[in-house]
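Each residue of the sequence shown is one higher than the last, beginning at 741 in the working numbering.
The C-beta atom is built at its ideal place from N, Cα and C for all residues, glycine as well.
So the structure is just underneath, and the comments pick up after that.
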Amino acid sequence: MTRQKLPSVVLLHGFRGSPLGLEAIAQDLQKAGYPVYVPAVPPFAGARDLTEYSPEKYAEYFAQYIIEHELDRPVLVGHSMGSIIASAIASLKSELVNHKIVLLSPISRKTSKAISAVSPLAGIVPTKVSDYVTTQYLFVPRHNKALFRESLQITHACSNDCPPSKKMLSQVTKFTTNYAVPDFPLEGKKVLIIAGEKDRLVKKIDTKKLAKGLKAQLVFLPESGHLHNYEKPHETAAVIIDFLKR
């Protein structure tokens, strides 16, 4: 009996991130037999600048990526800002992607004005200061100092991976604050949402509302937050694999 071919998986990282931030999840998926691709998301980690930071341009960019890599309807997995981009691709280029989509720490509603005002400061204050403050705010299992140091190291590595210019950072900040996952219709898609139970950036009630609207499977990981890709990468990958097997 011929074994069914497993779909490719494309992991999309978030704001000021890089493929490094999803490496542990990618490795677990690869061990389970899935072909995994982790492209840099413009304008981060050396990805080329877009002429405009909009849902349409992101969808076009990754549609070209899928075509160039000859991927047969891959499963999109987007974390944080990547969840917005994955939803835009699935909505605007539905024919190119799998009917299953995974959203990690999804941006369940438009970012608050307070966060919107602070985000551009990332391009002004020293990188190490910005990285520490951001990680300290988003990281949940504070008792685990070793894991915090490891997460901070990954954050540093991501932000230092070919950082964009201040102009590009400002443009993509506008994208992250102007759009959210609910802006994109995902009819016909089977959606899995994984979020940290104690996410400080996105309220649990908003993620529940998003899941209900999308008729999505929703999993909250205990003792984790917006950075559950650092805090609980293996648990995250296990939930994804179970979803893809069904």
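Identify whether residue i lies in helix, strand or coil by the three-state DSSP scheme.
| i | result |
| --- | --- |
| GLN957 | strand |
| GLY757 | coil |
| VAL880 | coil |
| TYR919 | coil |
Among the options, which residue has its Cα nearest to the Cα of residue i?
| i | options | result |
| --- | --- | --- |
| LYS930 | ILE807, ASN838 and PHE755 | ASN838 |
| ALA803 | ALA785, ALA830 and LYS972 | ALA830 |
| VAL842 | VAL869, LEU958 and ASP768 | LEU958 |
| SER870 | HIS883, GLN893, LEU887 and ARG849 | GLN893 |
| ALA826 | PRO922, LYS745 and GLU808 | PRO922 |
| LEU941 | ASP768, THR875, GLY761 and HIS883 | THR875 |
Within the same chain, show all residues whose beta-carbon is closer than 8 Å to that of residue i, passing over the 5 residues directly before and after it, in chain order.
| i | result |
| --- | --- |
| GLU890 | TYR970 |
I need the straight-line Cα distance from residue i to residue j, nearest angstrom please.
| i | j | result |
| --- | --- | --- |
| VAL750 | ALA764 | 14 Å |
| PRO795 | ALA828 | 6 Å |
| HIS896 | GLY818 | 20 Å |
| VAL778 | ALA766 | 8 Å |
| GLN911 | ARG756 | 13 Å |
| GLY822 | LEU844 | 8 Å |
| GLU835 | GLN744 | 21 Å |
| THR976 | LEU932 | 11 Å |
Going along the chain, which residues of its own chain have a beta-carbon closer than 6 Å to the beta-carbon of residue i, five neighbours each way excluded?
| i | result |
| --- | --- |
| TYR798 | ILE825 and ALA828 |
| ILE775 | Residue identity differs from the one stated: residue 775 is Pro in this sequence, not Ile. Cβ neighbours of PRO775 beyond the five flanking positions: SER748. |
| VAL815 | PRO747, VAL749, ASN838 and LYS840 |
Can you check the segment 779–852 for any beta strand (DSSP E) of at least 3 residues that lies completely inside it and give the ranges in chain order? 815–819 and 840–844
Uninterrupted beta strand (DSSP E) stretches inside the segment 925–975 (no shorter than 3 residues)
930–936 and 957–961
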